[in-house]
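Here my numbering = 1-based position in the sequence shown + 13.
To start, the structure itself, in structure tokens.
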Amino acid sequence: MNYIAILLTIFSISTYAATCPEGFESKEYFSYKDKKMMSSCIEITNYRKAVAPSSTTQSNQNYPFFEKMFRQLILGLLPISDKRVTLEEDFDNSKCEIDIRKWRNFLITQKAPKLYYQFRTGCSVEGEFTPQMNKNFPVNFNVRNLGQIKTVQMTLQIQVDPQPDHTMIVKIICFKGVASSGFSLSARFKGSYAIRIDRRGRLKKNIGGEFSIYSFNNVPVAYNRKLEIPFSF
């Protein structure tokens with residue numbers, strides 16, 4: 014085997030890879046005057062597609078992980094006085110201490126309290142935020158037991174629809190969220206979830222919601238799922 018020829022080939026490929034123009038694969042570049050460069054660029058692209066792992070494939074493998082993450086985040090935020098649910102996940106927020114009185118007063122009077130979350134058994138998030146009714150507000154959590162993910166940042170909105178039977182439909186909307194390891198892993202997501210509760214925070218109906226991932230490691234993706242937290246009545 015001619016090792017000098019191999020080295021020259023690698024050098025040639027690297028040189029062309031650095032000079033490939035943007036959009037060279039489009040029809041506009043069929044008349045590109047440097048036919049040799051265009052040909053090399055196409056060869057390099059085909060080579061990369063053959064040897065590099067697909068970003069879509071990699072992100073597909075992580076979708077259920079982030080779906081579980083969002084389900085647990087919503088579970089920790091829902092103003093339910095008795096969360097009878099077992100999800101058997103390390104990232105567990107079913108026991109986050111929520112001051113139901115503050116939540117109830119907020120849902121009725123719309124006076125925003127400051128809510129605090131701390132790491133404890135059954136609560137894998139830590140942070141504080143002030144909810145707003147029908148207005149966007151930020152929620153920034155440090156998280157644990159979530160693999161490489163260390164922080165979750167979300168823009169939320171809470172909508173309340175009073176019902177004739179003195180219950181209320183509470184909907185939490187996440188317009189955008191970012192789960193990040195701080196270095197090599199990030200996912201951008203959005204979603205929503207709705208429940209019906211009485212004025213004591215007791216669950217009357219589990220309406221459900223949806224979850225979407227639209228970017229994984231800065232690569233656009235499309236993942237959409239219906240979401241349901243398995244509450245028991």
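Even for Gly, the Cβ is constructed at its ideal location relative to N, Cα and C.
Predicted model only: the values in this text are computed from it and were never measured.
Which listed residue (the options) has its alpha carbon closest to that of residue i
i	options	result
residue 229	214, 207, 211, 202	202
residue 130	138, 226, 124	138
residue 91	132, 144, 160, 133	144
residue 159	83, 239, 142, 185	83
residue 181	81, 213, 106	213
residue 211	132, 188, 94	94
residue 190	78, 167, 123	167
residue 165	179, 147, 187	187
residue 215	105, 179, 123	179
residue 153	120, 192, 78	192
residue 123	238, 175, 161, 240	175
Residue i to residue j span [Cα, whole Å]
i	j	result
residue 149	residue 245	30 Å
residue 207	residue 217	11 Å
residue 135	residue 231	31 Å
residue 234	residue 171	27 Å
residue 151	residue 177	31 Å
residue 249	residue 197	This structure cannot speak to residue 249, because the chain is shown only from 14 to 246.
residue 96	residue 116	15 Å
residue 133	residue 194	21 Å
residue 125	residue 226	29 Å
residue 127	residue 184	19 Å
residue 81	residue 102	8 Å
residue 247	residue 140	Coverage of the chain is limited to positions 14 through 246, which leaves residue 247 absent and any answer about it impossible.
residue 236	residue 78	12 Å
residue 142	residue 120	16 Å
residue 199	residue 243	27 Å
residue 108	residue 98	10 Å
residue 104	residue 161	12 Å
residue 209	residue 106	20 Å
residue 238	residue 169	19 Å
residue 240	residue 118	28 Å
Distance between beta carbons of residue j and residue i, contact taken as under 8 Å
i	j	result
residue 173	residue 163	Not quite, the Cβ-Cβ distance comes to about 32 Å (not below 8 Å), so this is no contact.
Check: Pairing CB atoms from the region 94-113 with CB atoms from the region 187-204, are three or more of them under 8 Å?
Finding: Segments in contact, no.
Check: Is it true that the region 218-227 meets the region 76-91, where meeting means three or more beta-carbon pairs spaced less than 8 Å apart?
Finding: yes
Notebook entry, point to check: Of all the alpha helix (DSSP H) runs that stay within the bounds of the region 80-155, which reach a length of 4 or more residues?
Noted result: 113-122
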